[in-house]
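K.L.:
Going down the list, the sequences are from chains A and B.
Just so we're aligned, residue 1 is where the first sequence starts under the working numbering, counting upward by one.
Just so we're aligned, residue 268 is where the second sequence starts under the working numbering, counting upward by one.
In this text, a Cβ means the ideal position worked out from N, Cα and C, and glycines have one as well.
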Amino acid sequence: MTEDLRARELQARLRADLQAGLHAECPPPLGDVVGAAIRDGRRLRRKRRIGSAVTVIALLAAGGVIVGDRVRPERVERPAALSPQTVPPGATAPMAAVQARTLTIHSGTVRAEGTRTKATSAAMLHLLTMLLPPGRTSHYGVSADDDLLVQLSLDDGRGPAMVRVAVDKIVPLGDEPPHAGIAQVTISSNPGNCRTTLAVDATWPDGTLVEVEVPTCPATAGGPSRPALTTDEAIRIAADPRWGVAMDPGLVADGAKLFPAVPVLNR
Amino acid sequence: MTEDDEFAEFANAHAERLRNTAFMLCHDWHLAQDLTQTALTKLFLSWRRAVQADNLTAYAQKILLRTYLDHRRRRSSTESTPGVLHEPAYRENPELRLTMLDALARLPERDRAIVILRYFEDYTVEQVADVLEVPVSIVKSQTRRSLTKLRELLAADQLALFAG
Numbered sequence: 001m002t003e004d005l006r007a008r009e010l011q012a013r014l015r016a017d018l019q020a021g022l023h024a025e026c027p028p029p030l031g032d033v034v035g036a037a038i039r040d041g042r043r044l045r046r047k048r049r050i051g052s053a054v055t056v057i058a059l060l061a062a063g064g065v066i067v068g069d070r071v072r073p074e075r076v077e078r079p080a081a082l083s084p085q086t087v088p089p090g091a092t093a094p095m096a097a098v099q100a101r102t103l104t105i106h107s108g109t110v111r112a113e114g115t116r117t118k119a120t121s122a123a124m125l126h127l128l129t130m131l132l133p134p135g136r137t138s139h140y141g142v143s144a145d146d147d148l149l150v151q152l153s154l155d156d157g158r159g160p161a162m163v164r165v166a167v168d169k170i171v172p173l174g175d176e177p178p179h180a181g182i183a184q185v186t187i188s189s190n191p192g193n194c195r196t197t198l199a200v201d202a203t204w205p206d207g208t209l210v211e212v213e214v215p216t217c218p219a220t221a222g223g224p225s226r227p228a229l230t231t232d233e234a235i236r237i238a239a240d241p242r243w244g245v246a247m248d249p250g251l252v253a254d255g256a257k258l259f260p261a262v263p264v265l266n267r
Numbered sequence: 268m269t270e271d272d273e274f275a276e277f278a279n280a281h282a283e284r285l286r287n288t289a290f291m292l293c294h295d296w297h298l299a300q301d302l303t304q305t306a307l308t309k310l311f312l313s314w315r316r317a318v319q320a321d322n323l324t325a326y327a328q329k330i331l332l333r334t335y336l337d338h339r340r341r342r343s344s345t346e347s348t349p350g351v352l353h354e355p356a357y358r359e360n361p362e363l364r365l366t367m368l369d370a371l372a373r374l375p376e377r378d379r380a381i382v383i384l385r386y387f388e389d390y391t392v393e394q395v396a397d398v399l400e401v402p403v404s405i406v407k408s409q410t411r412r413s414l415t416k417l418r419e420l421l422a423a424d425q426l427a428l429f430a431g
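(1) With a threshold of 8 Å, are at least 3 pairs of Cβ atoms found where one atom belongs to the segment 365-372 of chain B and the other to the segment 290-299 of chain B?
(2) Do Pro-227/A and Leu-251/A have their C-beta atoms closer together than 8 Å?
(3) Which two residues bound the contiguous beta strand (DSSP E) that contains His-139/A?
(4) Note down the Cα distance separating Val-33/A from Ala-275/B, rounded to an integer number of angstroms.
(5) Of all the CB atoms in chain B, is at least one closer than 8 Å to the CB of Val-210/A?
(6) Counting along the chain, where does the beta strand (DSSP E) carrying Pro-160/A start and finish?
(7) Looking at Leu-148/A: is its Cβ nearer than 8 Å to the Cβ of Ala-122/A?
(8) Given a cut-off of 8 Å, decide if Thr-324/B and Leu-302/B are closer than it, judged by their beta-carbon atoms.
(9) What residue ranges within the segment 269-300 of chain B form continuous alpha helix (DSSP H) runs of no fewer than 4 residues, ordered along the chain?
(10) Looking at the structure shown, is Gln-319/B part of a helix, part of a strand, or coil, going by DSSP?
(11) Beta carbon of Thr-196/A: closer than 7 Å to some heavy atom of the ligand COA?
(12) Short of 8 Å in beta carbon distance, which residues of its chain neighbour Val-403/B, apart from the five on each side in sequence? Order them along the chain.
(13) Classify Glu-419/B: buried if its beta carbon has 16 or more other beta carbons within 10 angstroms, exposed otherwise.
(14) I'd like to know if Leu-125/A contacts chain B, where contact means its C-beta is closer than 8 Å to some C-beta of that chain.
(15) Would you tell me roughly how many angstroms separate the C-alpha atoms of Ile-237/A and Thr-230/A, rounded to the nearest one?
(16) By DSSP, does Leu-332/B sit in helix, in strand, or in coil?
(17) List the residues of chain A whose Cβ lies closer than 8 Å to the Cβ of Arg-471/B, in chain order.
(18) For Glu-9/A, which three-state DSSP category applies?
(19) DSSP state of Glu-25/A, grouped into three classes?
(20) Taking Cβ positions, are Glu-211/A and Pro-133/A nearer each other than 8 Å?
(21) Under 8 Å between the Cβ atoms of Arg-39/A and Leu-209/A?
(22) Consider the Cβ of Gly-21/A: report whether some Cβ of chain B lies at a distance smaller than 8 Å.
(23) I'd like to know whether the C-beta atoms of Ser-413/B and Asp-378/B end up nearer to each other than 8 Å.
(24) Report buried or exposed for Asp-17/A, applying the criterion of at least 16 other Cβ atoms within 10 angstroms of its Cβ.
(25) When the cut-off is 8 Å and only beta carbons count, does Ile-38/A lie next to chain B?
(26) Which of the three DSSP states is assigned to Ser-313/B in this structure?
(27) Please name the residue in Asn-322/B, His-338/B, Val-382/B and Glu-376/B whose C-alpha comes closest to that of His-281/B.
(28) Bridge partners for Asp-155/A per DSSP, in chain order?
(29) Mind listing the chain B neighbours of Arg-195/A? Cutoff is C-beta to C-beta under 7 Å, in chain order.
(30) When the Cα of Ala-24/A is compared with those of Ser-408/B, Leu-417/B, Leu-368/B and Arg-385/B, which residue comes out closest?
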């Protein structure tokens, strides 16, 4: 037998043995590995953009450039009641299970029905300010790209702390029928990284992904800031059914009035 | 179709194969799942560059391999080395006979990767060298060394596989 033939036979038999060995292992279901990779990838992509923006802002500040307050809206007063087109989320999310990595939360309502219009960053800021616990909001920022991403600073009297929310529509995966009103919520805590101290993702059956991030990076030299939200508060915000790449027209209209111009984060 | 749609289509079509490769590298389904997800996340982030590659599947495998080797490097200081196989024990007791995957798991990480790429993924020597960023001569010599090691590890009835 020539060396070439021996090599080919060896390769064929080794390959068959590896395949057989793999088959005998009975691989577990693959799960949502692709969806998870897309979610992680999108989050990392946003972090990179925001990281660049923070660097630019820091450089501008170091150079004595004053960012004008002209475009910074004043504090938004909370509306006395939600708009009639929207339905409040369920008040009894399973907070007792907060220690779990992933929760399934029934929002208490189906996703808002009726006419929806393309979401805007201003509408997101408007909704976020309605959902936040009491405090003064400031330092608003929005993504420059098509990303629906907003951030603001919340001061409940103990100093400012940042909250960031992003909304996206991920590629629907699998053939599971929609389960209206059910959001899969994932809580990630990373005390070692001030940018991702707490992150709560809510994924809806239609592919809507809401990410609430609670970073604790220091605004100035010194120790990290306190988290702006508790885990329960972040879950409640993430699981609100009014978030989406399309939102209630009333929120969009009110948002445009309240936040006509907001500094862009990544330019 | 958006870039994200294109990525999802590719990833859905290749995730299973990537996980199988990852499993053969690490012999742990949970870790294989994590490695696959990490590799796909990296691929997602570099998608615009990835689609320029001549062979996108090979590009994805390359990311997976590097993810695995990085993982091993990070863990090497905290993990104990796999125990040395007691050859007489499994030769005397057929129930203890090694499978090919068991034998593979006893190879050093890079040697294992070479065998998997050469004989499971059908890569050429040059492609393996490219993925692992080592000279072709190293791939050839490590392949020979790995096959010799496998022959030593496998049970008697499997020796015929390498007999010549």
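P.N.:
Result, derived from the coordinates:
(1) Taking 8 Å as the limit for Cβ pairs, the verdict is that the segment 290-299 of chain B does touch the segment 365-372 of chain B.
(2) Your numbering for residue 227/A matches position 227 in the first sequence. Your numbering for residue 251/A matches position 251 in the first sequence. Cβ atoms of Pro-227/A and Leu-251/A: not closer than 8 Å.
(3) Walking along the first sequence from the start, residue 139/A turns up at place 139. Looking at the DSSP string, the run of the beta strand (DSSP E) that includes His-139/A is 136-142.
(4) Working through the first sequence from its first residue, we reach residue 33/A at position 33. Working through the second sequence from its first residue, we reach residue 275/B at position 8. Between Val-33/A and Ala-275/B, the C-alpha separation is close to 11 Å.
(5) In the first sequence, residue 210/A corresponds to position 210, counting from 1. Val-210/A is outside the set of residues whose beta carbon lies under 8 Å from a beta carbon in chain B.
(6) Mapped onto the first sequence, residue 160/A falls at position 160. Looking at the DSSP string, the run of the beta strand (DSSP E) that includes Pro-160/A is 160-169.
(7) Stepping through the first sequence from its first residue, residue 148/A is reached at position 148. Stepping through the first sequence from its first residue, residue 122/A is reached at position 122. No, they are not a contact pair.
(8) Counting from one through the second sequence, the residue named residue 302/B turns up at place 35. Counting from one through the second sequence, the residue named residue 324/B turns up at place 57. Against a cut-off of 8 Å, the Cβ pair of Thr-324/B and Leu-302/B comes out as no contact.
(9) Counting only runs of 4 or more, we get 270-293.
(10) To locate residue 319/B, count along the second sequence from 1; it is residue 52. Coil.
(11) What this structure holds is no ligand at all, so the ligand COA is not there to describe.
(12) For the purposes of this step, residue 403/B is taken as residue 136 along the second sequence, with counting starting at 1. So the qualifying residues of the chain are Val-392, Glu-393 and Ala-396.
(13) Along the second sequence, read from residue 1 onward, the residue named residue 419/B stands at position 152. Exposed: under 16 other Cβ atoms inside 10 Å.
(14) Along the first sequence, read from residue 1 onward, the residue named residue 125/A stands at position 125. Not one beta carbon of chain B lies nearer than 8 Å to the beta carbon of Leu-125/A.
(15) Reading the first sequence from its first residue, position 237 is the one you call residue 237/A. Reading the first sequence from its first residue, position 230 is the one you call residue 230/A. Looking at the backbone, the Cα of Ile-237/A and that of Thr-230/A are separated by about 11 Å.
(16) Position 65 of the second sequence, counted from the first residue, corresponds to residue 332/B. Correct three-state label for Leu-332/B: helix.
(17) Nothing can be reported for residue 471/B, as the shown portion of chain B is limited to 268 through 431.
(18) As a first step, residue 9/A is located in the first sequence; it is residue number 9 there, counting from the start. Note: Glu-9/A maps to helix in three-state DSSP.
(19) As a first step, residue 25/A is located in the first sequence; it is residue number 25 there, counting from the start. In the structure shown, Glu-25/A sits in coil (DSSP, three-state: anything other than H, G, I, E or B).
(20) Looking up residue 211/A in the first sequence gives position 211. Looking up residue 133/A in the first sequence gives position 133. Contact: no.
(21) As a first step, residue 39/A must be located in the first sequence, where it is residue number 39. As a first step, residue 209/A must be located in the first sequence, where it is residue number 209. It is a contact, given that the beta carbons lie within the stated cut-off.
(22) Taking the first residue of the first sequence as position 1, residue 21/A is located at position 21. By this cut-off, Gly-21/A is an interface position.
(23) Locating residue 413/B in the second sequence gives position 146, counting from the first residue. Locating residue 378/B in the second sequence gives position 111, counting from the first residue. Yes, the Cβ-Cβ distance between Ser-413/B and Asp-378/B is below 8 Å.
(24) Residue numbering aside, residue 17/A sits at position 17 when the first sequence is read from its first letter. Counting the other CB atoms within 10 Å of its CB gives Asp-17/A a total of 16 or more, which places it among the buried residues.
(25) One-based indexing of the first sequence puts residue 38/A at position 38. Judged by the 8 Å Cβ criterion, Ile-38/A is in contact with chain B.
(26) The residue you call residue 313/B lines up with position 46 of the second sequence. Coil, per DSSP.
(27) The residue you call residue 281/B lines up with position 14 of the second sequence. Selected option, being the one with the closest Cα: Asn-322/B.
(28) Translated into the one-based positions of the first sequence, residue 155/A becomes position 155. The partner list for Asp-155/A (beta bridge, DSSP) reads Arg-136/A and Pro-160/A.
(29) Locating residue 195/A in the first sequence gives position 195, where the first residue counts as 1. Residues of chain B passing the Cβ test: none, with the nearest at roughly 16 Å.
(30) Counting from one through the first sequence, the residue named residue 24/A turns up at place 24. The residue with the shortest Cα to Cα distance from Ala-24/A is Leu-368/B.
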